[in-house]
Amino acid sequence: MCRRHLHGPQGILQVIETLDRELRGTSIQLHLFGLKGIGAAELRQHSRVATVDSQAYGTKARVEAREAGISKTNRFLAQIMTEWYLKQIEALQAPAGENRHPPALLDLRMPAPLSPFEARLHCAREQMRELLEAGEIDWQQRHDESVLAFTCDDGEAETASIPKLALAA
Numbered sequence: 152m153c154r155r156h157l158h159g160p161q162g163i164l165q166v167i168e169t170l171d172r173e174l175r176g177t178s179i180q181l182h183l184f185g186l187k188g189i190g191a192a193e194l195r196q197h198s199r200v201a202t203v204d205s206q207a208y209g210t211k212a213r214v215e216a217r218e219a220g221i222s223k224t225n226r227f228l229a230q231i232m233t234e235w236y237l238k239q240i241e242a243l244q245a246p247a248g249e250n251r252h253p254p255a256l257l258d259l260r261m262p263a264p265l266s267p268f269e270a271r272l273h274c275a276r277e278q279m280r281e282l283l284e285a286g287e288i289d290w291q292q293r294h295d296e297s298v299l300a301f302t303c304d305d306g307e308a309e310t311a312s313i314p315k316l317a318l319a320a
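Okay, so the sequence shown: first residue is 152 according to the working numbering, each after it adds one.
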């Protein structure tokens with residue numbers, strides 16, 4: 152979690168929403184390693200999140216010690232950790248909307264079921280993403296027309312079931 156932004160398609164909120172949807176019907180809870188303070192404040196009431204941790208205080212102590220030309224002693228680290236902890240408590244106790252981030256964009260409603268064609272498009276996008284990550288295709292090859300061609304390429308799609316789409320470049 153530590154390198155993820157809060158919002159966006161790969162952000163912390165989206166990851167938790169996806170996990171929550173995939174784990175529905177179970178009592179599985181999550182431990183979020185390296186969660187940023189703003190993420191902890193945003194997810195403080197989420198029923199799926201059991202525990203979180205962060206090494207932000209350690210990173211801050213290392214940087215401050217180096218800049219000050221001193222050793223990162225246990226005493227110095229404890230001072231930084233205490234300051235960090237008190238800041239986190241303050242953020243967690245603040246009423247919603249008073250934190251330093253925009254309101255949640257997390258929509259936990261179940262998505263509408265996909266039509267068979269939409270499901271094939273989703274699958275094609277995911278397969279192309281995997282090919283892109285594996286270096287088998289270039290990012291320039293991943294556009295609407297190529298996704299549509301990939302969707303219909305395996306011969307399983309009935310041409311009668313494929314709607315006519317206007318593609319914009």
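Each residue gets a CB set at the ideal place from its N, CA and C atoms; glycine is no exception.
Buried or exposed by the 16-neighbour rule on C-beta atoms within 10 Å, applied to residue i
| i | result |
| --- | --- |
| R226 | exposed |
| Y236 | exposed |
| R174 | It should be noted that the sequence gives Leu, not Arg, for residue 174. Exposed. |
| F301 | buried |
| I333 | Summary: the structure shown does not reach residue 333, with the chain confined to residues 152 through 320, and so no result is reported for it. |
| A212 | buried |
| E321 | The requested residue 321 is not part of the displayed model; the chain covers only 152 to 320. |
| E269 | exposed |
| K187 | buried |
| E193 | buried |
| I179 | exposed |
| H265 | The amino acid at residue 265 is misidentified as His; the sequence shows Leu. Looking at its Cβ environment, which holds fewer than 16 other Cβ atoms inside 10 Å, L265 is exposed. |
| A275 | buried |
Counterpart residues of residue i in DSSP-defined beta bridges
| i | result |
| --- | --- |
| H182 | T202 |
Nearest candidate by alpha-carbon position, reference residue i, set the options
| i | options | result |
| --- | --- | --- |
| L164 | I179, I189, R175, G176 | I189 |
| I231 | E241, G209, L243 | G209 |
| R280 | H158, V203, I240, V298 | V298 |
| E168 | R154, A191, H156, H197 | H197 |
| I240 | R172, A191, T177 | A191 |
Close-in-space but distant-in-sequence residues of the same chain around residue i (CB under 7 Å, 5 per side omitted)
| i | result |
| --- | --- |
| L283 | W290, R293 |
| L181 | L170, R199, V200, A201 |
| Q206 | G185 |
| A216 | S222, K223, F227 |
Own chain partners of residue i with C-beta closer than 6 Å, once the 5 adjacent residues on each side are dropped
| i | result |
| --- | --- |
| R195 | L243 |
| M228 | Inspection of the sequence shows that residue 228 is occupied by Leu rather than by Met. Here the set comprises A212. |
8 Å CB neighbourhood of residue i in its chain, flanking five on each side removed
| i | result |
| --- | --- |
| D204 | H182, L183, F184, G185, L186 |
| G159 | Q165 |
| K238 | G188 |
| G162 | R155, H156 |
Chain C within 8 Å of residue i, Cβ atoms only
| i | result |
| --- | --- |
| K223 | No chain C appears in this structure, which consists of one protein chain only. |
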